[in-house]
Ligand code: FES
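Numbering (UniProt numbering), first residue to last: 1 to 145.
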């Protein structure tokens, strides 16, 4: 490692420490999830992991208005979210036949697109920022963070 590389490594470490010191976590590494065509119909879903968490990619109907939670990719509308319940951290199951997700721990209920219907969870399931890169959908960060 030359002096320039040592400097870059030290700088990256200091930036990470600074973020941690401010109560922020470093951005998770981007994850390639799938190509849009792998979800052939609306409400099809695909499990993946992001930042160490179980997550779900869901094909949704076109939104009535633009939403930061929804990515349009090649004519397909997609949303993704963590399956960690924002109430107490249980992993929520996959959507049921009625397109609801009901947390098995204390009964919080979410729509199949991750939006909260009923508590005790105080928020929606944590949304993931999606990007289309070279024909594939990538998870690149948390939307609400
Ligand atoms: S952990 Fe999901 S409702 Fe409590």
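All C-beta atoms, glycine included, are put in the ideal place defined by N, C-alpha and C. Since the model is a prediction, treat every value here as computed from it, not as a measurement.
| task | Using only the heavy atoms of ligand 1, determine whether one of them is closer than 7 angstroms to the beta carbon of residue 107. | result | yes
| task | Would you mind working out which of 123, 132 and 44 sits nearest residue 96, comparing C-alpha positions? | result | 44
| query | Got a sec, what are the start and stop residues for the beta strand (DSSP E) residue 37 sits in? | reply | First-last for residue 37: undefined, no H or E at that position.
| said: Could you tell me the alpha carbon to alpha carbon distance between residue 143 and residue 104, rounded to whole angstroms? | reply: 25 angstroms
| query | Who pairs with residue 54 in a beta bridge, going by DSSP? | reply | 49
| request: May I ask whether a heavy atom of ligand 1 can be found less than 7 angstroms away from the beta carbon of residue 135? | output: no
| request: Report the residue from 65, 112, 126 and 129 whose alpha carbon sits nearest the alpha carbon of residue 58. | output: 112
| request: Using three-state DSSP, classify residue 20 as helix, strand or coil. | output: Confidence at residue 20 is low in this model, with a pLDDT of 43, below 50, so its placement is unreliable and the value that follows should be read with caution. Note: residue 20 maps to helix in three-state DSSP.
| For ligand 1, any of its heavy atoms closer than 7 angstroms to the Cβ of residue 114? | no
| field | residue 62 classed as buried or exposed, judged by whether at least 16 other C-beta atoms fall within 10 angstroms | value | exposed
| Quick one: Cα of residue 80 to Cα of residue 39, how far? | 13 angstroms
| task | Take residue 115 and list the residues in its own chain whose beta-carbon comes closer than 6 angstroms to its own, dropping the five residues that flank it on each side. | result | 124
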